[in-house]
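Residue numbers for the sequence shown follow the numbering used here, beginning at -18 and rising by one.
The beta carbon of each residue, even a glycine, is placed where N, CA and C say it ideally should be.
The model shown is predicted, which means the values in this text are computed figures rather than measured ones.
Since the structure comes first, as structure tokens, the remarks are kept for the end.
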Amino acid sequence: MTNNIKSYKISNQQILNRFLQRFLPSAAIGIALALFLYNADANVSRDKIQFSEKVSVEQGVQNLEHMVHMITNDVAYIAEQSKNIDFTADNHDLYPALDWLIFSRIKKSYDQIRWLDLNENERIRINFNNGVPVHVTGDNLQNKGSRYYFTDSVVFS
């Protein structure tokens, strides 16, 4: 009988070998599945972020295009209006100043609106003044010949 018991004894090495033969393939499959799921989740997250960023950039571009369009229209309005001013009249600065005060109050977009003559001097200036537009007159008007907006615009004329 003792011989039969000895035949059923399994060494620790054999137990370990059988365990590893069964466990390692299962563990490898589990790890591979976990990595696959992690990678799939990371791809989905990356795609969501890319889509969100693309939408944000497109909205930003549309907003900028809209702002440029609005500013271009405003400049065109003011330029067209100045064509109708009789520069020989004594009060030729009064009409656009009053109109630009109203324009500034309604638009609420421009800190200042200036009309510069070819001698580099402000003829009309409207300051937005925190929502209460003011017509700047007399000695408060300035020479702007050295400012980039004057030198750049004179090149175009």
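Alpha carbon of residue i to alpha carbon of residue j, nearest angstrom
{"i": "P77", "j": "D98", "result": "14 Å"}
{"i": "S127", "j": "E34", "result": "41 Å"}
{"i": "L79", "j": "F131", "result": "23 Å"}
{"i": "Q93", "j": "E61", "result": "18 Å"}
{"i": "F109", "j": "V36", "result": "34 Å"}
{"i": "I(-9)", "j": "A15", "result": "34 Å"}
{"i": "D133", "j": "N100", "result": "14 Å"}
{"i": "Q31", "j": "D22", "result": "14 Å"}
{"i": "M(-18)", "j": "L5", "result": "Since pLDDT at M(-18) reaches only 49, below the 50 mark, its modelled position is unreliable, and the value read off the structure follows with that caveat. Between M(-18) and L5, the C-alpha separation is close to 36 Å."}
{"i": "A57", "j": "R95", "result": "14 Å"}
{"i": "T53", "j": "Q43", "result": "15 Å"}
{"i": "N124", "j": "H47", "result": "32 Å"}
{"i": "D55", "j": "L45", "result": "15 Å"}
{"i": "Q(-6)", "j": "A9", "result": "22 Å"}
{"i": "K29", "j": "I59", "result": "45 Å"}
{"i": "H116", "j": "R86", "result": "12 Å"}
{"i": "H50", "j": "G119", "result": "33 Å"}
{"i": "K64", "j": "Y91", "result": "21 Å"}
{"i": "V25", "j": "Y19", "result": "10 Å"}
Per-residue burial, residue i [other beta carbons within 10 Å of its own, 16 or more giving buried]
{"i": "F84", "result": "buried"}
{"i": "R(-1)", "result": "exposed"}
{"i": "I107", "result": "buried"}
{"i": "I145", "result": "The structure shown has nothing for residue 145, since the chain only spans -18 to 138."}
Top-ranked residue by Cα proximity to residue i, from the options
{"i": "G112", "options": "R95, K89, T118, M48", "result": "K89"}
Supposed contact pair residue j and residue i - C-beta distance, whole angstroms, cut 8 Å
{"i": "L122", "j": "N102", "result": "7 Å"}
Check your understanding: Which ranges does the alpha helix (DSSP H) cover as unbroken runs of at least 4 residues, wholly within the region 72 to 107, from first to last along the chain?
Key -> 75 to 88
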